[in-house]
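Q:
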Amino acid sequence: MNTEEYISSGKLELYVAGLLSEKENIQIHNDAKQYPELNKEIEAIEASILALSKAASPTMADGSFTNIKNKLNLSAETKVVRLPKQKANWTAYTGWAAAVIISAGLFWMYTQNKALESQIQIVSQEKINLESQIENASNSLVASQSLLNTIRDKNISVVALGGQTVSPTSYAKAYWNKEEKKVHIDAKGLPEPPDGFVYQVWSLKLNPLTPTSLGLLKDFKVDENKIFAFANPNESEAFGITLEPAGGSKSPTLEQLYTLGVAST
Amino acid sequence: MQLETLVIQFQKKDPLAFEKLYNMYSENICGVINTIVKNSDLSQEICQDVFVKIWNNSDKYNSSKGRFFTWILNIARNAAIDEVRSKSYKNTKKNLSADYFVGILEDSNSLENKIDAIGIKKFLVHLKDKCVQIIELLYFKGYTQKEASEELDIPIGTVKTRNRSCISQLRKNVLN
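Residue numbers (this note's numbering), protein chains in the order written: chain A, 255 to 519; chain B, 3 to 178.
1. Can you list the residues of chain A that asparagine 80 of chain B reaches, using a CB-CB cut of under 7 Å?
2. Compute the Euclidean distance between the alpha carbons of glutamate 276 of chain A and lysine 67 of chain B, then round it to the nearest angstrom.
3. Can at least three beta-carbon pairs, one atom from the segment 280-299 of chain A and one from the segment 13-21 of chain B, be found at a separation below 8 Å?
4. Can you pull the chain A neighbours of valine 54 of chain B, defined as C-beta to C-beta under 9 Å?
5. Tell me, please, whether the CB atom of glutamate 300 of chain A is closer than 8 Å to any CB atom in chain B?
6. At a CB distance below 8 Å, what residues from the segment 277-298 of chain A approach chain B? Give them in sequence order.
7. What number of angstroms, rounded off, separates the C-alpha of serine 110 of chain B from the C-alpha of alanine 309 of chain A?
8. Tell me the residue span of the alpha helix (DSSP H) that contains glutamate 47 of chain B.
9. Is the distance from the Cβ of glycine 272 of chain A to the Cβ of asparagine 165 of chain B below 8 Å?
10. Quick one: Cα of alanine 81 of chain B to Cα of glutamine 147 of chain B, how far?
11. So, helix, strand or coil for asparagine 111 of chain B, using DSSP?
12. Go through the segment 275-333 of chain A residue by residue and report every complete run of the alpha helix (DSSP H) that reaches 4 residues or more, in order.
13. If you follow the beta strand (DSSP E) that phenylalanine 484 of chain A is part of, which residue opens it and which one closes it?
14. Just reading off the alpha helix (DSSP H) that glutamate 498 of chain A is part of, what are its end residues?
15. Among all the DSSP beta bridges, which residues are the ones paired with valine 86 of chain B?
16. At a Cβ threshold of 8 Å, is isoleucine 355 of chain A touching chain B?
17. On the CB-based measure, 16 or more other CB atoms within 10 Å of its CB, does tyrosine 347 of chain A come out buried or exposed?
18. Report the neighbours of glycine 535 of chain A on chain B: residues whose CB is nearer than 7 Å to its CB, in chain order.
19. Which residues, taken in chain order from the segment 32-60 of chain B, show a beta carbon closer than 7 Å to some beta carbon of chain A?
20. Can you tell me which of B:Glu6, B:Phe71, B:Asn59 and B:Ile156 puts its alpha carbon nearest to the alpha carbon of glutamate 29 of chain B?
21. Per the DSSP calculation, valine 413 of chain A is bridged to which residue(s)?
22. Could you name the residues of chain A that glutamate 29 of chain B contacts, counting a contact when the two beta carbons are closer than 7 Å?
23. Beta carbon of glutamate 153 of chain B, beta carbon of tyrosine 141 of chain B: below 8 Å?
24. Using the Cα positions of isoleucine 169 of chain B and alanine 342 of chain A, report the straight-line distance between them to the nearest angstrom.
25. For chain A, check one thing: does any of its Cβ atoms lie closer than 8 Å to the Cβ of phenylalanine 12 of chain B?
26. When you compare the CB of serine 318 of chain A with every CB in chain B, is at least one pair closer than 8 Å?
27. Mark alanine 485 of chain A as exposed unless 16 or more other C-beta atoms lie within 10 angstroms of its C-beta, in which case mark it buried.
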């Protein structure tokens, strides 16, 4: 075999380029085994292409083979399994934050609502109280007006009852309507009766002294305007008020005569 | 270690043999890819994929069919050409065949292609344009003789002889 001719044919260059047929490749492979100078030539051709292609190489990044080993799971040493960085899940955080805020808001609104409800209850209770107060006030106004009208009646004669020995500072007034046979006693000037005692009003005839009971000043302590109305069918000449044991007496206890006044004729 | 032994170890899935082969050929393979994609980062990315592929297909290599380097060279340029022809790449670099190896030399001044421009120029001294063209077509772009003859508009017999003389010149430059 003429190796010189073989070499100069240009086939070996194409062999390195990988451009020959399978048959030719096998042929050259076998020939190169047999003839070292052919093999040498092939290696020299390859070396020139290697040199050229190496010169065209980009600067290789460090650890490029490690990358490949990792891709192929070839690393002999214990692989450091990197935990994936926990990405902050902002949508979830925002969602939870919104949920917390909304629940807090709902709770706040619920307590506000409760407070308002109880306030409404208090206010409506107050309103009821005020309404009843107004009613009481207007009732008492009506009562006062009717009382005033009674006192202003032209048929009224006023009898001033002055304080007596037992209680010189006491006083009272009797408004006597002879036509209607009624008398109103204004007992504002009397002290509060002690427990177990009650004031009793008497109509008096002077000659001879004849007392007739008109009635008791019932609930004296409670009564606010201390004006008491009585029927008086008598031809009274004077009015007196005595302090009597609870329930009143049949005849006045003169020692306990608080006020006395004579009616003008 | 002999190349053949190394390749046999590699085919037996020996990671150490694989690493040695990687150290022997990675720069060449990445270089070939770079002449095609003309992008430093992208060529390294493809280069890694090529070596992954080589490992996964190691049983498909048969020394009787050619040199080991020729085998991985073929895989590399196919991967690079696939990338260039992919849709995303088409928009940026359309003309593959007309853009010769010399282009990367002119581009090499830019920082993106951090290649050894001085080294490569040394290899290309006295190398005519038609040599650069034919070497690139046959070795880096995987053109067949017929395709190269059409591309360069020369008879098919001339492809072989011109390639022979161009490689001879390159070998002289490499030795110097």
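Backbone N, C-alpha and C define an ideal beta-carbon position, used for all residues, glycine too.
Keep in mind that this is a model prediction, so the values were computed, not measured.
A: Reading from the atomic positions:
1. Per Cβ cutoff of 7 Å: no residues; asparagine 80 of chain B is ~11 Å from chain A at best.
2. 6 Å
3. no
4. Ile322, Lys325 and Leu326
5. yes
6. Asn279, Ile280, His283, Asn284, Ile296 and Ala298
7. For serine 110 of chain B, the pLDDT reaches just 46, beneath the cut-off of 50, and the residue's location in the model is therefore unreliable, leaving the point undetermined.
8. 42-58
9. no
10. 21 Å
11. Only weak support is given to the placement of asparagine 111 of chain B: the predicted model assigns it a pLDDT of 43, under 50, and the value that follows is read from those uncertain coordinates. Of the three classes helix, strand and coil, the one that applies to asparagine 111 of chain B here is coil, per DSSP.
12. 276-288, 290-309 and 318-326
13. 481-485
14. No alpha helix (DSSP H) contains glutamate 498 of chain A, which is instead part of the beta strand (DSSP E) from 492-499.
15. Beta-bridge pairing links valine 86 of chain B to no other residue.
16. no
17. exposed
18. One cannot answer for residue 535 of chain A here, as it falls past the ends of chain A, which runs 255 to 519.
19. Cys32, Gly33, Val34, Asn36, Thr37, Ser42, Ser45, Gln46, Gln50, Phe53, Val54 and Trp57
20. B:Phe71
21. A:Ala428
22. Lys308, Ser311 and Met314
23. no
24. 59 Å
25. no
26. yes
27. exposed
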